[in-house]
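Student: Below are the structure tokens for one structure; questions will follow.
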Amino acid sequence: MNRPDPIPETERLAALARLPRDEGGPVFAEPWQAQAFALAVRLSEQGHFTWKEWADALAAEIKAAADRGEPDDGTRYYEHWLAALERLVTSKGLTDPAALLTRKEAWAEAYRHTPHGKPVELGADSDHPEHG
């Protein structure tokens, strides 16, 4: 397994020019955005991919969105982040597309059955939908 990039956090963040931030660092509109951010950073730190690989994957996702004619106003930045993360973890064999789809469907189902204002939680059978 590759060792993590020996790049300081400030340089890693600088490499992501469009990252929504304020003077204190990255900013997030929703909790899932912070979780996706932290997951990408942690997987890179653990050596699953280099930070350059990550930045290249994100840049490719943003370019693909621009090629599709999506506006580049920053409102979908973390959607691109998540799409890039999904592509990278599947290409690295950390998960597979079927498992990713199963997990997304479990979250969607949990969301649909959660009363408004309550936190969405996956049940014990969410990892094994054939049991539920």
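Heads up: the sequence shown is residues 114 to 245, going by this note's numbering. Positions of the beta carbon are idealized from the N, C-alpha and C atoms, including for glycine.
(1) Compare the Cα-Cα distances from H193 to each of G138, P139, Q146 and report the closest residue.
(2) Given L207, which residues of its chain have a CB within under 7 Å of its CB, disregarding the five upstream and five downstream residues?
(3) List the endpoints of the continuous alpha helix (DSSP H) containing K247.
(4) Which same chain residues end up closer than 7 Å to A149 when comparing Cβ atoms and leaving out the 5 residues on each side of it in sequence?
(5) Buried or exposed for E174, please, with buried defined as at least 16 other CB atoms from any protein chain shown within 10 angstroms of its CB.
(6) Return helix, strand or coil for P139, following the three-state DSSP convention.
(7) Just to confirm the assignment, what range does the alpha helix (DSSP H) spanning K217 have?
(8) R134 by DSSP, collapsed to three states: which one?
(9) Quick check: the Cα distance between L152 and R225, rounded to an integer number of angstroms?
Tutor: According to the data block:
(1) Numbered from its first residue, the sequence shown carries residue 193 at position 80. Here the closest residue by C-alpha is Q146.
(2) If you number the sequence shown from 1, residue 207 lands on position 94. Same-chain partners within the cutoff: H161.
(3) Look at the range of the chain in this structure, 114 to 245, and you will see that residue 247 is not part of it.
(4) To locate residue 149, count along the sequence shown from 1; it is residue 36. These residues qualify, in order along the chain: Y191, W194, L195, L198.
(5) Along the sequence shown, read from residue 1 onward, the residue named residue 174 stands at position 61. Classification for E174: buried.
(6) One-based indexing of the sequence shown puts residue 139 at position 26. The answer is strand: DSSP assigns P139 an E or B state.
(7) Locating residue 217 in the sequence shown gives position 104, where the first residue counts as 1. That run of the alpha helix (DSSP H) goes 210-225.
(8) Taking the first residue of the sequence shown as 1, we reach residue 134 at position 21. Note: R134 maps to strand in three-state DSSP.
(9) Along the sequence shown, one-based indexing puts residue 152 at 39. Along the sequence shown, one-based indexing puts residue 225 at 112. The alpha-carbon atoms of L152 and R225 are separated by roughly 25 Å.
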